[in-house]
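Let me begin by presenting the structure, written as structure tokens, before commenting on it.
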Amino acid sequence: MDIIIITPAAPGSKAGNRATAERWQALLEQSGHQVSVITEYKGEACNLFLALHAWRSHDAIRLFRESWPGKPLVVALTGTDIYRHQYKYPEQTLYSMQVADALIGLHAQVGDDIPERFRDKLVTLFQSADKPPEAPGAAASATSDFNVCVIGHLRSEKDSLRAAKAARLMPTASRIRVMCAGKAHDAHWEGLATREADENPRFHWLGELEKADVLQLMATSQLLVMSSLMEGGANVVSEACRAGLPVVASDISGNIGLLGKDYGGYYPVGNTSALAAVLTRAETDSAFLVQLREQVSQLAGKFTPEREQESLEQALLLAVQRCSRNQP
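Position one of the sequence shown corresponds to residue 34 (the working numbering), numbered consecutively onward.
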């Protein structure tokens, strides 16, 4: 098929939506489709339209549906769509969900968090990651630090400085050091991160890193913290699982939907002292760290490119079938 993918993130952006769009383009092209990734839609024809973000892509979704009412439409739901915009901007967000022939959810609990009437067109897709060349902690033996990485743009939804605040509560003897990689969302977050780095000797803000440098950071870390307040299904969790890197995560739906209800590394979202306690346990209790490493390694098979490609094709097929059934 001739497929158009629209994403709000511009070319060259390291935003998750851009990475997802380009990865999906590559996977769909491997399946034989012709795929264009755009940031602005002007009514061009295609065999199938795939929109990343129900709210941000609302105008494009409406234009496509009005211009091509007989063509299949797939909408991929982001964390802000599910946990903010369907309540804050219900008209636009729910319109996108309503007119879509298929919805893509990026974690296993999305069906519980969207209106029931849309669940029959939901396909769960786990974002994939390549297996990295180095195992977690492989390059950490040269240092006595216990490195904890936080990876992602610095913004309120990510609760990006929660691990830094937890590190302030560590006992003097702790070797924990928080390494934060990500671009500040705005001047406010840049100021917060700069001030935290100045005042907190356990916190280091690395700024936005290239992919190879992110992989190197994971290789030199013993743990990844995913502290988000809301998530649609963070790809960095997929990367950690594929790398065998233990994860400590906030107990939100988007993390539980990736790691499972029985995962051992959760803490109550936004709770600094609870996160500090889990980090201390990970540093001091080797059996606990091994348990987490074994759990993420067992989950790694969910996050392969082959599985993601299969799920994409499933969403496309569902959209085509439902679109066909809805024709007069």
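Note that beta-carbon positions come from the ideal geometry of N, C-alpha and C, so glycine has one too.
Report the partner residues of residue i according to the DSSP bridge assignment.
{"i": "residue 157", "result": "138"}
{"i": "residue 70", "result": "38"}
{"i": "residue 128", "result": "Its beta-bridge partners do not exist; DSSP assigns none."}
{"i": "residue 100", "result": "Partner(s): none; residue 100 has no beta bridge."}
{"i": "residue 147", "result": "BP columns for residue 147 are empty, so no partner."}
{"i": "residue 82", "result": "37 and 106"}
{"i": "residue 54", "result": "Answer is none; residue 54 lacks a bridge partner."}
{"i": "residue 300", "result": "283"}
{"i": "residue 240", "result": "214"}
{"i": "residue 187", "result": "217"}
Does the separation of the CB atoms of residue i and residue j fall below 8 Å?
{"i": "residue 300", "j": "residue 318", "result": "no"}
{"i": "residue 288", "j": "residue 264", "result": "yes"}
{"i": "residue 143", "j": "residue 183", "result": "no"}
{"i": "residue 151", "j": "residue 136", "result": "yes"}
{"i": "residue 286", "j": "residue 146", "result": "yes"}
{"i": "residue 98", "j": "residue 106", "result": "yes"}
{"i": "residue 134", "j": "residue 352", "result": "yes"}
{"i": "residue 256", "j": "residue 226", "result": "no"}
For residue i and residue j, what's the separation of their Cα atoms in angstroms?
{"i": "residue 292", "j": "residue 140", "result": "9 Å"}
{"i": "residue 65", "j": "residue 311", "result": "46 Å"}
{"i": "residue 344", "j": "residue 156", "result": "7 Å"}
{"i": "residue 235", "j": "residue 203", "result": "9 Å"}
{"i": "residue 322", "j": "residue 279", "result": "7 Å"}
{"i": "residue 62", "j": "residue 54", "result": "12 Å"}
{"i": "residue 259", "j": "residue 205", "result": "24 Å"}
{"i": "residue 35", "j": "residue 130", "result": "22 Å"}
{"i": "residue 355", "j": "residue 228", "result": "52 Å"}
{"i": "residue 244", "j": "residue 237", "result": "18 Å"}
{"i": "residue 77", "j": "residue 346", "result": "22 Å"}
{"i": "residue 333", "j": "residue 277", "result": "8 Å"}
{"i": "residue 149", "j": "residue 80", "result": "28 Å"}
{"i": "residue 324", "j": "residue 297", "result": "8 Å"}
{"i": "residue 82", "j": "residue 104", "result": "8 Å"}
Taking all protein chains shown into account, decide if residue i is buried (16 or more other Cβ within 10 angstroms of its Cβ) or exposed.
{"i": "residue 358", "result": "exposed"}
{"i": "residue 174", "result": "Confidence at residue 174 is low in this model, with a pLDDT of 49, below 50, so the placement of that residue should be treated as unreliable; the coordinate-derived value is given next. Exposed, since its Cβ has fewer than 16 Cβ neighbours within 10 Å."}
{"i": "residue 93", "result": "buried"}
{"i": "residue 221", "result": "exposed"}
{"i": "residue 161", "result": "buried"}
{"i": "residue 275", "result": "buried"}
{"i": "residue 123", "result": "exposed"}
{"i": "residue 306", "result": "exposed"}
{"i": "residue 89", "result": "buried"}
{"i": "residue 320", "result": "exposed"}
{"i": "residue 154", "result": "buried"}
Which residue's Cα is closest to the Cα of residue i: the options?
{"i": "residue 101", "options": "111, 43, 118 and 75", "result": "75"}
{"i": "residue 267", "options": "243, 190, 253 and 237", "result": "190"}
{"i": "residue 248", "options": "185, 84 and 59", "result": "185"}
{"i": "residue 304", "options": "232, 195, 326 and 89", "result": "195"}
{"i": "residue 216", "options": "230, 40, 192 and 242", "result": "242"}
{"i": "residue 282", "options": "193, 73, 58 and 231", "result": "193"}
{"i": "residue 164", "options": "50, 339, 86 and 350", "result": "339"}
{"i": "residue 232", "options": "198, 295 and 181", "result": "198"}
{"i": "residue 329", "options": "337, 60, 109 and 270", "result": "270"}
{"i": "residue 252", "options": "180, 200 and 201", "result": "180"}
Any heavy atom of the ligand NAP within a distance shorter than 7 Å of the CB on residue i?
{"i": "residue 133", "result": "Among the ligands in the structure shown, none appear at all, so the ligand NAP cannot be discussed."}
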